[in-house]
Amino acid sequence: MPVSRRGFLRLIGDEPPLSGAFLSARGLEAHLAEGQTQGQRTRPLLPPGVDEIRISSNENPLGPGRVALDAILGKFPEAGRYPFNSTPSENDLASAIAAKYGVKPENVVIGAGSQEILKNAMRAFVTPARGFVTALPTFENCTGFAKKYTLPLTEVKVDSAFRLDVEPMIDAAVKGAGLVFFNNPNNPTATVHGAKTVTDMVERIRRASPDTVILIDEAYHDYVTDPSYQTAVPLALSTPNVIVARTFSKAYGMAGMRIGYGIGMADSVKKLAILKMPYNVSVFGLAAAIASLNDPQHIEDERRRNTEVRAFTVKALQEMGAKPADSQGNFIFVDVGRPAKDFRDACAKSGVMVGRDFPPFEKTHCRISIGTMEEMQKATAVFRTVLRVTTTSTGNGKGR
Ligand SMILES: Cc1ncc(COP(=O)(O)O)c(C=O)c1O
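Here the sequence shown stands for residues 3 to 402, where the numbers follow the working numbering.
Rendered as structure tokens:
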């Protein structure tokens, strides 16, 4: 029996705005799923009766915008259909993304989250003879793949300002790497490189090693406020072997919907498209992503909100004597002067769940995601109490 949108809302007993319980359940599920698939999370337990502030997974605390939620709800009657028998189709989403950049759908490959793009780039471009170059610490999806399949791996430690250390990354790449992963802004450090640095790096790698593919992951693009930064999408669209990965999981607030994409020249993108799982994105995700692309105001509002809460949190941390790195994302990498585990466990006792360990900085630094202003006001009060016991900070540990 078809379920109307109104009928569905009655079924779930909710009317807009969605309840806090619904939203926090969404965050918890996303985290649990992530823990299960990555199989390495040790997560402090929430004490009974304590409200949870989940600022550990770089999620958008407000979730999707209203138009995206309406699009998701509107698709429930078609939940029984394969995406190719439903509208909008995957091609419609590729076309909508392509139209945003003035290119063709063959320049775009859709993924079940940008992690599918990252994994398929490893499958397509890294071999025992042509290794993988990445940063340390950075988003570890590709690093994990290289370790799992014992592929040649070079991890270049971030510089003293916690930015990707470009020169040694170029040096490693030009030795014939299959793939370079360049996360800009970088998770977990939240630092960014400007457009000129990225363009120069691409030129130099391509001149010395034209078959090396450069994957620029811009998951946090919408949160950058540094004026020297620009997206590398135009560069990818005009340069062979350069691909940009993007996601709807961050500013678009759709981590649970699992939609990302790769964009670049058709020949580069084709190599990822042939590895794609068929019907990898649900009818809900497709509808929500297209609706969101037609709602740029939501992203503007989210950027402004994140910038304001991020500034508040950075200032509060500095006042406590902690040392945050420059943040250009929806998270902060901060020297808390003690092991991340101690800080994390102490915060968890008050229901504040911060990020996991990020070696080689797990003895000093913690990653804190940006929640709502109300959440961060509560969280910073907890940080203040936890950090009151002063310890000597050991800096960024370069050379350790
Ligand atoms: C830098 C970076 N890239 C990619 C992803 C994966 O995002 P998703 O698979 O949800 O699109 C994340 C998630 O946290 C990330 O931080």
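Every residue, glycine too, gets a C-beta built ideally from N, C-alpha and C.
Treat the numbers as computed from the prediction; the structure is a model and nothing was measured.
- Sixteen is the threshold: when 16 or more other Cβ atoms of the shown chains lie within 10 Å of the Cβ of residue 118, as they do, the residue is buried.
- By the neighbour-count definition (other C-beta atoms within 10 Å, threshold 16), residue 169 is an exposed residue.
- In the DSSP assignment, residue 209 is bridged to no other residue.
- Residue burial annotation: residue 355 is buried, with at least 16 other C-beta atoms found within 10 angstroms of its C-beta.
- Straight through space, the alpha carbons of residue 152 and residue 69 are spaced by roughly 44 Å.
- Exclusion of the five residues before and after residue 80 leaves 88 and 285 as the residues of its chain whose Cβ lies within less than 7 Å of its Cβ.
- Three or more beta-carbon pairs separated by less than 8 Å are not found between the region 322-330 and the region 92-99, which leaves the two stretches without contact.
- Counted as a single uninterrupted DSSP element, the alpha helix (DSSP H) harbouring residue 309 occupies residues 298-321.
- Excluding five sequence positions before and after residue 295, the CB atoms of its chain that fall closer than 6 Å to its own CB belong to 98, given in chain order.
- Scanning the region 104-163 from its first residue to its last, the whole beta strand (DSSP E) runs of 3-plus residues come out as 110-113, 134-138 and 155-159.
- Nearest Cα to residue 201 within the set 183, 237 and 180: 237.
- With respect to the 8 Å criterion, residue 124 and residue 141 are not classified as neighbours on the basis of their beta carbons.
- Boundaries of the beta strand (DSSP E) around residue 335: 333-337.
- Within the chosen limit of 7 Å, ligand 1 does not reach the beta carbon of residue 360 with any heavy atom.
- At a Cβ-Cβ threshold of 8 Å, residue 255 and residue 67 count as neighbours.
- Taken through DSSP and simplified to helix, strand or coil, residue 219 comes out as strand.
- The shortest CA-to-CA distance from residue 185 to any of 359, 145 and 218 is the one to 218.
- When DSSP reads this structure, residue 248 sits in a beta bridge with 263.
- In its chain, beyond the 5 residues on either side, 193, 194, 222, 226, 330 and 331 have a beta carbon closer than 7 Å to the beta carbon of residue 187.
- Membership of residue 184 in the beta strand (DSSP E) is indicated by the continuous run 181-185.
- Judged by the Cβ position, residue 253 fails to qualify as a neighbour of ligand 1 at the 7 Å threshold, every heavy atom of the ligand being at least this far.
- Per DSSP, the unbroken alpha helix (DSSP H) holding residue 294 starts and ends at 285-295.
- The set of residues with any CB-heavy atom separation to ligand 1 below 6 Å comprises, in chain order, 60, 115, 116, 117, 141, 185, 189, 219, 221, 249, 251, 257 and 262.
- By alpha-carbon distance to residue 253, the top candidate from 49, 53, 57 and 65 is 65.
- Of the other Cβ atoms in all chains shown, 16 or more fall within 10 Å of the Cβ of residue 389; this residue is therefore buried.
- Sequence-distant Cβ neighbours of residue 234 in its own chain, meaning closer than 6 Å and more than five residues away, are 200, 218 and 246.
- When 353, 291 and 164 are compared, the shortest CA-CA separation from residue 72 is found for 291.
- The alpha-carbon separation between residue 360 and residue 50 amounts to approximately 28 Å.
- In the three-state DSSP reduction, residue 370 falls in the strand class (E or B).
- C-alpha of residue 164 to C-alpha of residue 191: approximately 6 Å in a straight line.
- Here residue 250 has 256, 261 and 291 as same chain residues with Cβ atoms under 6 Å from its own Cβ, once five neighbours each way along the sequence are excluded.
- Inclusion of residue 138 and residue 341 in the CB contact set at 8 Å is not warranted, their separation being larger than that value.
- In the assembly as shown, residue 279 is an exposed residue. Its beta-carbon has fewer than 16 other beta-carbons within 10 Å.
- For residue 56, the secondary structure class from DSSP, reduced to helix, strand or coil, is strand.
- Around the C-beta of residue 312, 16 or more other C-beta atoms lie within 10 Å, and the residue is accordingly described as buried.
- Taking the CA atoms as reference points, residue 58 sits about 19 Å from residue 387.
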